[in-house]
Amino acid sequence: MLAFIGRRISLALLILFGSTYLTYQLAAYSGDPLAGIRESTDPKKDVIIAELTKTLQLDVPPPARYFLWLQKALGLATGAPDFGNTVILRLPVIDQIAAAIPVTLRLVTTATILSVVIGISFGVLSAIRQYSRLDNSLTLLSFFLFSLPIFWIAVMLKEFMAIRFNDFLVNPTIDIWANILISGVIAVIVAGFVSGTRKRVLITWAATFALLVTLLGVASATAWFRYPVMGIFGIAILGVACSLGFTNIFSGFGNKKALGAGLASVALGLIAYYPFQQLAGPGTNYELMLALAVLMLSSSYFIGYFFTKIDKGPVIRVSMLSAFMVALFTVVDKLMQTWDGYFDLADGRPIQTQGSYNITITSNDFWVNNLDLVTHLFLPTTALALGFAGYLRYSRASMLEVLNMDYIRTARAKGMPEREVVLRHAVRNAMLPLTTLLTFEVAGLIGGAIITEGIFGWRGMGSLSNEAIQSQDLNLLMATFAISAFLTIMATLVADLLYSVLDPRIRIRK
Amino acid sequence: MAIKRKKNSQQPIEGNETGSSNIEVAGLSQGQIIRKRFFQHKPAVAGLIFMILFTIFVYSASGLHLGTEANPITIKGWWKYSHEDLLPQGSCASGCPSADHPMGQLPNGRDYFSLVTRGSEISLMIMVVIGGLSAFIGTVTGAVAGFFVGIIDNVMMRFTDFILTVPFILIGAVIGYNLGNFGVFPLAIFLGIFIWPGLARLVRGEFLSLREREFVDAARVAGASNRRIIFKHILPNSVGVIIVSTTLLLSSSILLESGLSYLGFGVQAPDVSLGALISTYQGEFTYAPWLFWWPGVIIIAIALSINFVGDGLRDAFDPRQRRRISRKERAVETGTRAQVNKS
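Heads up: the sequence lines are chains D and E, in that order. Numbering follows our numbering, with no gaps: position 143 of the first sequence is 143. Numbering follows our numbering, with no gaps: position 328 of the second sequence is 838.
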């Protein structure tokens with residue numbers, strides 16, 4: 001095993017050398033980094049060109065210059081890795097990258113988590129109900145999302161979810177026909193998830209429709225979109241609903257312990273509501289928030305642990321997920337309390353289409369700054385999260401394969417309830433191949449989303465490499481490229497190893 | 511022969527639904543079964559018909575330009591304008607769609623319909639070149655690596671990793687942007703040379719598992735050469751995986767082309783492609799939304815129908831994923847299960 005890893009790592013380094021060499025040559029021969037300066041009318045341009053030629057070592061031919069770059073990048077000369085300076089602004093490349101990585105991570109992390117969670121859960125659902133109405137609609141939806149160019153959907157989002165929504169906030173009333181239309185469409189989607197007789201589907205549709213019409217009517221009358229509130233009662237209702245939902249998914253209502261543990265976690269969250277309001281003032285920080293989250297999750301773990309003596313797994317899962325949702329709702333509630341103040345700071349146009357933060361807002365308020373982050377993240381995250389279609393198809397295919405296995409039939413033949421068959425036997429095995437996909441995804445995170453970052457004006461790794469190519473900046477290009485190539489190669493290695501660890505049926509061939 | 515035997519030997523294991531499908535496929539060859547299954551898949555057939563009609567529509571609109579530059583052979587298309595003509599502004603001052611210009615006009619008077627059809631032609635061409643080339647390279651690499659395991663496999667797969675690390679955007683930038691405009695065809699070729707690693711990995715996996723099967727051993731015992739085993743025994747059995755992933759590759763390559771063109775690294779002026787059109791006119795969304803809508807809708811339509819064709823092919827080639835249970839059967843099944851649970 002160790003020999004295998006060692007061999008693979010040395011091979012990986014060799015590949016990395018090869019691909020950086022190829023990239024360097026491609027980029028170096030593709031253009032002249034001094035083209036911009038040569039065309040300028042600056043009287044001193046000859047001096048600048050001579051100086052840049054010297055510092056960038058442009059007089060050395062690229063096949064040899066690569067080794068000079070490599071020597072510096074590996075830190076052989078000075079002892080510390082040195083990726084050089086950018087051509088135009090003469091800033092250290094390493095600083096640019098250090099600034100860009102957090103921006104990219106902030107942009108893609110939420111979107112990736114969302115798309116993985118949505119994709120896998122819908123994929124599993126779609127597979128269990130293969131060729132049902134739901135499955136067909138999800139298939140259609142995922143094919144549609146596959147076919148969407150991200151830059152196209154991004155322009156749409158900017159127009160309809162930012163510009164028009166901000167216009168709408170000036171006078172946030174929904175007229176009755178729009179209300180009926182929106183509620184009707186959403187109710188159709190909700191009813192689509194219900195399986196069973198036509199009557200049951202129709203009842204679900206009617207109930208959802210009635211509920212939504214009322215809610216939107218009230219929201220319109222109280223200008224809720226302008227002055228959103230949730231309050232402890234809202235959190236309580238949503239929290240109980242979530243806890244019921246999780247119980248239904250993970251254990252069924254027959255398991256009273258799970259139901260009880262879930263509701264107890266919700267109650268704990270509600271008890272913590274008022275102390276939280278005191279603790280989380282404007283001057284709070286991420287450390288405190290993280291500590292509170294850990295406290296909440298660990299106490300919900302113990303609630304689940306002590307609620308039952310047998311089969312603790314599903315009970316703990318229900319109670320922890322309920323606690324997580326309540327904590328999330330509490331944070332959303334806090335952000336809603338900040339909304340009015342932020343609305344004025346943002347000149348009445350809260351949903352942002354450009355940039356990663358609002359430069360005109362200089363506030364020390366933790367919540368205002370985070371709300372600012374949320375409003376900037378909203379559009380790009382939505383655009384990127386549509387990538388859930390890939391996970392949906394992948395987990396559906398994998399799940400279908402597993403559901404046709406003999407051990408699933410054995411489990412059913414033993415008289416195991418269908419929920420247990422799906423959750424304990426099928427889903428776990430179906431998720432194995434997804435680990436490979438996820439490793440690549442995580443490696444790709446740092447590389448950045450070039451197009452998305454460009455459209456929404458985030459200065460992350462993607463924008464950086466785009467800029468490097470546009471301006472023929474070899475130092476910048478090679479640094480961004482070397483990082484993403486390194487991560488890709490490591491991801492293939494990790495994927496191979498992880499797979500053989502997780503699935504004992506697969507052994508590494510000697 | 512090997513294929514047929516494999517199918518027959520698999521079917522009895524597949525459980526209750528195969529009882530009916532056995533009758534369904536009796537007396538048909540492998541190809542006929544696949545064709546029959548494919549044509550039962552309504553969305554896939556719709557996608558296929560759309561692609562054929564759309565390709566004919568687009569290529570016939572502007573006509574064909576064959577022959578050399580000195581000696582051109584042109585077949586005139588049915589659409590009255592060319593995408594290079596600067597026309598007087600039509601009845602609508604802002605260039606909005608009218609009877610004369612069904613997709614509107616650009617501010618400089620060019621007819622948008624002919625631009626979009628021209629762009630679709632180029633996008634389709636790039637798609638086919640990238641898809642075909644990468645399918646070829648990917649299949650050959652994967653087949654060789656998977657069949658001759660050991661050192662050859664290792665070398666080939668590490669080479670695949672190497673190709674995987676070269677970013678597409680750089681290829682596009684070097685070929686289409688920094689080196690001046692090479693034209694559309696070289697761009698497509700170069701992209702095709704670098705996009706195959708995913709397919710190669712899939713084909714390799716398929717070959718790795720198929721080469722251990724009994725029918726391969728039987729062929730080897732009978733004295734078949736490696737070449738014969740690869741081409742006559744293993745390749746026909748993995749053709750499903752190859753065709754399905756090639757279709758999906760086609761739809762992703764049209765998105766890749768449009769993405770690159772959007773960044774300015776793909777198709778360069780004076781050539782147009784759907785992605786380049788969106789990129790050029792995205793700023794006009796508020797004033798002239800039709801300039802933005804049309805190319806986007808066409809990209810979506812092409813990619814969507816190819817995806818459906820791919821899905822239909824997958825169902826046709828891989829009957830394992832198809833366990834269609836009628837409503838009645840499901841009711842019976844759940845009824846029995848409920849009874850079992852009660853007792």
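Backbone N, C-alpha and C fix where the C-beta goes; we use that ideal spot for every residue, glycine too.
K590(E) and S624(E) have their alpha carbons spaced roughly 9 angstroms apart. When DSSP states are grouped into helix, strand and coil, K586(E) belongs to the strand group.
In this structure, DSSP gives G776(E) a state outside helix and strand, which the three-state scheme calls coil. Not a single CB atom of chain E sits nearer than 8 angstroms to the CB of E441(D).
Residue burial is scored here from C-beta neighbours: S630(E) has at least 16 other C-beta atoms within 10 angstroms and is therefore classed as buried. Going by C-alpha positions, D167(D) is about 32 angstroms away from F143(D). Spanning the alpha carbons of I174(D) and T649(E) requires a straight line of approximately 56 angstroms.
L574(E) is bridged by DSSP to I585(E). For the pair P598(E) and Y622(E), the Cα-to-Cα distance works out to about 13 angstroms. Of all alpha-carbon atoms in V326(D), V427(D) and N404(D), the one lying nearest the alpha-carbon of A272(D) is that of V326(D).
Residue pairing by DSSP puts P92(D) in a beta bridge opposite N85(D). The alpha helix (DSSP H) runs lying completely inside the region 412-479 of chain D and spanning 4 residues or more are 432-447, 450-456 and 461-470, given in chain order. If you draw a 10 Å sphere on the C-beta of A223(D), you find fewer than 16 other C-beta atoms in it, and that means exposed. G656(E) is positioned such that its CB atom lies closer than 8 angstroms to that of L718(E).
At the C-beta level, A443(D) and L476(D) stay beyond 8 angstroms of one another. The three-state reading of DSSP puts D663(E) in helix, counting H, G and I together. With a threshold of 16 other beta carbon atoms within 10 Å, A411(D) meets it and is buried. Secondary structure of Q71(D) (DSSP, three-state): helix. Contact between the region 10-19 of chain D and the region 480-498 of chain D is present, with at least three C-beta pairs closer than 8 angstroms. In this structure, L759(E) is the residue among M561(E), A556(E) and L759(E) with its C-alpha nearest to the C-alpha of V639(E). When DSSP states are grouped into helix, strand and coil, D781(E) belongs to the coil group. Residue burial annotation: C242(D) is buried, with at least 16 other C-beta atoms found within 10 angstroms of its C-beta. The secondary-structure analysis by DSSP pairs Q615(E) across a beta bridge with D621(E). Apart from the 5 residues on each side of it in sequence, R730(E) sits with its Cβ closer than 8 angstroms to the Cβ of I739 in its chain, given in chain order.
Taking 7 angstroms as the upper bound on Cβ-Cβ separation, chain E lies near residues L11, I15, G18, S19, L22 and T23 of the region 1-24 of chain D. Taken through DSSP and simplified to helix, strand or coil, W205(D) comes out as helix. Judged by DSSP secondary structure, E401(D) falls within the alpha helix (DSSP H) whose first and last residues are F388 to L403. The beta carbon of N618(E) sits no closer than 8 angstroms to any beta carbon of chain D. Three or more pairs of CB atoms, one per stretch, sit closer than 8 angstroms, so the region 102-112 of chain D contacts the region 367-385 of chain D.
Within chain D, the residues whose beta carbon sits less than 7 angstroms from that of D671(E) are I15, I489 and T492, listed in sequence order.
Taking R545(E) as the centre and dropping the five residues before and after it, the same chain places no C-beta closer than 7 angstroms to its C-beta. Residue environment: Q778(E) is assigned as buried (16 or more neighbouring CB atoms within 10 Å of its CB, all protein chains considered).
Not flagged as an interface residue toward chain D: L596(E), since no C-beta distance is shorter than 8 angstroms. Chain-ordered listing is empty here: chain D has no CB closer than 9 angstroms to the CB of L759(E), the nearest sitting near 12 angstroms.
A straight-line Cα-Cα distance of about 20 angstroms links I237(D) and L297(D).
Under the 10 Å beta carbon count, T214(D) is surrounded by fewer than 16 other beta carbons and is classified as exposed.
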